[in-house]
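Each residue of the sequence shown is one higher than the one before, starting from 76 at the first, in our numbering. Report on one structure; see the data block that follows.
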Amino acid sequence: MKRALLPLLTLTLIASASASAQQAKELRLGVFPNVTHAAGLVGVQRGLIQKNLPDGVKLVVKEFANGSQINEAFAAGAIDAAYVGPGPAMNAFMRGVPIQVYAGAANAGAVLVARKDSGVRNVKGLAGKKVAVPTRGSTQDISLRHLLHENGLKATDEGGNVSIIPIDPANMPAAFAAKQVDAALVQEPWGAVMETQGAKLIVNEKGIWEGGNYTTTVLTVNTKYAAANAETVKGLLKGHLAAITYIKSSNAGAQKAVAEQIYAFTGKRPNTNELFKALARTRVTWDINLKTLAEYAQLNREAGFARDVPDLNRFVNLDLIRSLAK
76 MKRALLPLLT
86 LTLIASASAS
96 AQQAKELRLG
106 VFPNVTHAAG
116 LVGVQRGLIQ
126 KNLPDGVKLV
136 VKEFANGSQI
146 NEAFAAGAID
156 AAYVGPGPAM
166 NAFMRGVPIQ
176 VYAGAANAGA
186 VLVARKDSGV
196 RNVKGLAGKK
206 VAVPTRGSTQ
216 DISLRHLLHE
226 NGLKATDEGG
236 NVSIIPIDPA
246 NMPAAFAAKQ
256 VDAALVQEPW
266 GAVMETQGAK
276 LIVNEKGIWE
286 GGNYTTTVLT
296 VNTKYAAANA
306 ETVKGLLKGH
316 LAAITYIKSS
326 NAGAQKAVAE
336 QIYAFTGKRP
346 NTNELFKALA
356 RTRVTWDINL
366 KTLAEYAQLN
376 REAGFARDVP
386 DLNRFVNLDL
396 IRSLAK
C-alpha cells in the first residue's frame, strides 16, 4: 500500500512545485511621466506599491511615453500592468490583447493650448493648423477629433484641414519652441509647462469633454498574470489606493513625489506652480464613470480607431478595487 502511495505523493509534490513556479517574482508596471498618472508616479516614488506587494515580489517600473508603446509591450508580454488612457486600452482589448481594467486612476487633466504667435484663439482657429497629440489613437487624439467635429472641422485624414501630429508629451514644449506645431491637446503637466513658456490656454480640462467628468487614465492588468498572481494584483491595487489617499491628503507632498518621478523618467522637472496648476486640473480617483466610458467608446469608433465598442462588462472589472476601497 505504501508503494502505491509514493507515485501519488510524487505527483502531488511536482504539481505543487509547478503551481509555485507560476507565481511571478516580479510585477512589471508601465507608467507615463504625466500628472494624469499621478497615482502611479506617487505610488512608485514613495514606495507605496512595492510596500503592498507580497514578500519576494519585486516591482519593476517601466517608463512609456504613450499608449501605443504600452499596447506593444502588453502584446509582447513585456509588462504585466500599466497606467494608460482608456482609448489605447480599449483598442488593445478589442484586438485580443489579454488585458482588463481593474481601476480608474484620473479624470480630466488634459488641456488644449496654442502658441502665442499661432493666431489660434479658439477651436475654430485650428483650421489649417498643426496640432500635437501624444500618439495616434490616444485618448487626447480622440478627444481632439471630437472637439473638431463639434466645431465643424476635421482632421486631414478625415478629409479636413487640421493636421494632427503625434509627439511625446514631454517633447511638446520643445516642439512649441521650435514652431513645429501650432497647438497641442496634451495631458498635464505639459500643458501648464507650455503656458509657462508663453502658450495660451484655449480649452481647459472641463471644456475638453463632459465638463471634466471623463476618465483619462485607467489601471490595466494582463488577465493571464492576474489569474496566476492574485495576491500580487491585490497588492498593486492596495498600493494604488494608498497613493490616491496620499495625493488627496498632501498636495505639497504629491507635487514633490510627482516632480521627482517625472525627473527620474525624463530629466525634466516641472516647477511648483506648474504642478499646482496641473494637479488642480486633474481629479485623481480609482472610480470610473461607466456612462462616460461608454460614450468615450462611441467617440473612439467615431474617430475611426475601432469598428465597434467593447463589452464594458468584460473590459472593466472594478469588483476588487471596490472591495478594497470600503
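Ideal Cβ placement from N, Cα and C applies to all residues, glycine included.
Spatially closest choice to residue i from the options, by CA coordinates
| i | options | result |
| --- | --- | --- |
| Asn166 | Val135, Val208, Phe380, Gln272 | Phe380 |
| Thr347 | Val159, Ala267, Gly179, Gln125 | Ala267 |
| Leu395 | Leu123, Ala178, Lys275 | Ala178 |
| Thr357 | Gly105, Thr290, Asn375, Asp386 | Thr290 |
| Gly342 | Asn246, Lys352, Thr367, Leu365 | Asn246 |
| Arg211 | Ala150, Leu393, Leu260 | Leu260 |
| Lys62 | Tyr371, Gly194, Asp383, Val308 | Coverage of the chain is limited to positions 76 through 401, which leaves residue 62 absent and any answer about it impossible. |
| Leu365 | Lys401, Asp386, Lys352 | Asp386 |
| Arg220 | Leu399, Val391, Asn375, Asn392 | Asn375 |
| Glu280 | Glu377, Ile363, Lys352 | Lys352 |
| Met169 | Arg389, Glu233, Leu393 | Arg389 |
| Asn326 | Thr298, Val359, Leu294 | Val359 |
| Val132 | Glu101, Val195, Gly115 | Glu101 |
| Asn182 | Tyr371, Thr111, Tyr321, Leu312 | Thr111 |
| Ile283 | Leu350, His224, Ala148, Phe149 | His224 |
| Thr298 | Asp232, Val135, Leu116, Gly152 | Gly152 |
| Leu294 | Thr367, Gly203, Val106 | Val106 |
| Arg397 | Ala369, Glu370, Thr367, Ile363 | Ile363 |
| Leu350 | Phe340, Thr367, Ala332 | Ala332 |
| Val208 | Val195, Ile154, Pro248 | Pro248 |
| Leu116 | Ala378, Gly235, Pro264 | Pro264 |
| Asn197 | Gln98, Tyr300, Asp257 | Asp257 |
| Ala99 | Ile154, Glu147, Pro345 | Ile154 |
| Ala250 | Lys205, Gly234, Glu233 | Lys205 |
| Glu147 | Gly234, Val172, Tyr158, Asp130 | Val172 |
| Thr367 | Asn288, Phe139, Ala180, Met269 | Asn288 |
| Ala400 | Thr320, Ala252, Arg382 | Thr320 |
| Leu354 | Ala156, Gly203, Ile322 | Ile322 |
Segment limits, alpha helix (DSSP H) that includes residue i
| i | result |
| --- | --- |
| Arg413 | One cannot answer for residue 413 here, as it falls past the ends of the chain, which runs 76 to 401. |
| Glu263 | Where Glu263 is concerned, there is no enclosing alpha helix (DSSP H), given that its DSSP letter is neither H nor E. |
| Glu147 | 142 to 150 |
| Asn397 | Checking the sequence, you will find Arg at residue 397 rather than Asn. 394 to 400 is the span of the alpha helix (DSSP H), which, as asked, contains Arg397. |
| Ile337 | 326 to 341 |
| Asn388 | 387 to 390 |
| Glu377 | 365 to 377 |
| Ala250 | 247 to 252 |
| Gly122 | Premise fails: Gly122 is in no alpha helix (DSSP H) and is neither H nor E. |
Continuous beta strand (DSSP E) stretch holding residue i: start and end
| i | result |
| --- | --- |
| Ala183 | 174 to 183 |
| Leu294 | 290 to 297 |
Presumed contact (8 Å Cβ cut-off) between residue i and residue j, rounded CB distance
| i | j | result |
| --- | --- | --- |
| Asn141 | Asp243 | 6 Å |
| Gly310 | Leu128 | 4 Å |
| Leu104 | Lys137 | 7 Å |
| Ala113 | Ala329 | 7 Å |
| Gln262 | Ala185 | 5 Å |
| Val391 | Ala372 | With a Cβ gap of about 11 Å, Val391 and Ala372 do not count as contacting. |
| Phe149 | Ile124 | With 8 Å as the limit, Phe149 and Ile124 do not qualify as a contact, their Cβ atoms being about 18 Å apart. |
| Val278 | Leu222 | 7 Å |
| Thr292 | Gly160 | 6 Å |
| Ala156 | Val296 | 5 Å |
One or two residues paired with residue i in a DSSP bridge
| i | result |
| --- | --- |
| Gly105 | Lys137, Ala157 |
| Thr357 | Ala183 |
| Ser238 | Lys205 |
| Lys100 | Bridge partners of Lys100: none, in fact. |
| Ala230 | Val237 |
| Leu276 | Val188 |
| Ala258 | Ala189, Val206 |
Proximity test, Cβ basis, 8 Å: residue i and chain E
| i | result |
| --- | --- |
| Val176 | No chain E is present in this structure, which holds just one protein chain. |
> Pairing CB atoms from the stretch 228 to 239 with CB atoms from the stretch 205 to 219, are three or more of them under 8 Å?
Replying inline: yes
> Using 8 Å as the Cβ pair cut-off and three pairs as the minimum, do the stretch 336 to 346 and the stretch 306 to 326 touch?
Replying inline: The stretch 336 to 346 is not in contact with the stretch 306 to 326.
>> Does the stretch 118 to 135 come into contact with the stretch 143 to 152, if we say contact requires no fewer than three beta-carbon pairs (one atom in each stretch) closer than 8 Å?
In response: no
> Does the stretch 270 to 280 come close enough to the stretch 190 to 200 that 3 or more CB-CB pairs lie under 8 Å?
Replying inline: With a cut-off of 8 Å, the stretch 270 to 280 and the stretch 190 to 200 count as touching, because enough Cβ pairs lie within range.
> Per the contact definition of three or more C-beta pairs closer than 8 Å, is the stretch 289 to 304 in contact with the stretch 223 to 234?
Replying inline: Verdict: no, contact absent.
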